[in-house]
Amino acid sequence: MTRRDAVLTELRNAVLTGQLRPGERLPEVRLARDLGVSRPTVREAIYQLIHEGLLVQEDHKGVTVATIDEATITDIAIVRTALESLAAKSIAADEDGAARARLREAWEVYDQAALSGDPALENEAHLELHRTIWAASGNVILQRIWPIVSAPINLALSTDVVVRHDQERSRRTHRELVEAILDNRQRDVTSAVRRHIQRSAAELLELLQARDSEQTS
């Protein structure tokens, strides 16, 4: 592992475990000193996390941990439900089985990552599972849209990892979604996608509201 990758992993883990909180500033000089690396190395890692949507760079504030609000969570869920339903139905109807095989492989990787206890590994596999649904659909437009929406989706998924800490629930809900697609239950696929995404979004909002209330009190 290069120094840049080591710093990237450490910062990503700090965000996903809540050690770095939403809105917290990341001074480049201090990070370089604390991690024992050069500022360019820290800068490369920070730029990658900005690209992933976990950090943001703002005028007069510098780099901070990304925050997500109720409207963003709701909007992401709406967009994902519409587009991921199209992708899932395409995979379910796949005639030669290649798309379903890709999805099954991505699911198995995610399932093992969820069991690992490593939040960064789980989050990476989680995002890859949903990316695979979009990509394996064979829909060129969905494949082109994914890079645009992947950062806010990653932010929502990573926030879920931070506040929920429930790997068993994540494994169960994803298994239900994947099985509906692999079994080609066309009538169930759309409802399974909607239930998976919108239920998770609603639960995440409740958890964030409870956390905010606790912090206020």
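The end of the sequence shown is residue 249 by my numbering, with every number in the run present. For every residue, glycine included, the Cβ atom is placed at its ideal position computed from N, Cα and C. Keep in mind the model is a prediction, meaning the values are calculated, not measured.
Any idea what DSSP makes of residue i, helix, strand or coil?
{"i": "residue 222", "result": "helix"}
{"i": "residue 127", "result": "coil"}
{"i": "residue 211", "result": "helix"}
{"i": "residue 57", "result": "strand"}
{"i": "residue 100", "result": "coil"}
Do residue i and residue j have their C-beta atoms closer together than 9 Å?
{"i": "residue 47", "j": "residue 148", "result": "no"}
{"i": "residue 179", "j": "residue 108", "result": "no"}
{"i": "residue 258", "j": "residue 216", "result": "With the chain covering 33 to 249 only, the question about residue 258 has no answer from this structure."}
{"i": "residue 168", "j": "residue 100", "result": "no"}
{"i": "residue 239", "j": "residue 196", "result": "yes"}
{"i": "residue 104", "j": "residue 188", "result": "yes"}
{"i": "residue 250", "j": "residue 152", "result": "Since the first and last residues shown for the chain are 33 and 249, residue 250 lies out of range."}
At which residues does the alpha helix (DSSP H) containing residue i begin and terminate?
{"i": "residue 73", "result": "71-84"}
{"i": "residue 164", "result": "151-168"}
{"i": "residue 175", "result": "172-196"}
{"i": "residue 60", "result": "60-67"}
Does the beta carbon of residue i come closer than 9 Å to any beta carbon on chain C?
{"i": "residue 142", "result": "Absence of chain C from the displayed structure is noted, only one protein chain being present."}
Residue i: which of the options sits nearest, CA to CA?
{"i": "residue 56", "options": "94, 247, 224 and 64", "result": "94"}
{"i": "residue 157", "options": "96, 73 and 202", "result": "202"}
{"i": "residue 87", "options": "112, 102 and 60", "result": "60"}
{"i": "residue 79", "options": "97, 172 and 92", "result": "97"}
CB-CB under 7 Å to residue i, same chain, minus the five flanking residues each way: which ones, in chain order?
{"i": "residue 39", "result": "67, 69, 73, 74 and 77"}
{"i": "residue 224", "result": "208, 209 and 212"}
{"i": "residue 164", "result": "134, 135 and 138"}
In chain order, what residues of the same chain lie with their CB nearer than 6 Å to the CB of residue i, ignoring the 5 residues before and after it?
{"i": "residue 154", "result": "145 and 146"}
Starting from residue i and walking both ways along the beta strand (DSSP E), at which residues does that stretch end?
{"i": "residue 41", "result": "Careful: residue 41 lies outside any beta strand (DSSP E), inside the alpha helix (DSSP H) at 35-48."}
{"i": "residue 94", "result": "94-97"}
{"i": "residue 87", "result": "87-90"}
To which residues of the same chain is residue i closer than 8 Å at the C-beta, ignoring the five residues directly before and after it?
{"i": "residue 106", "result": "233 and 237"}
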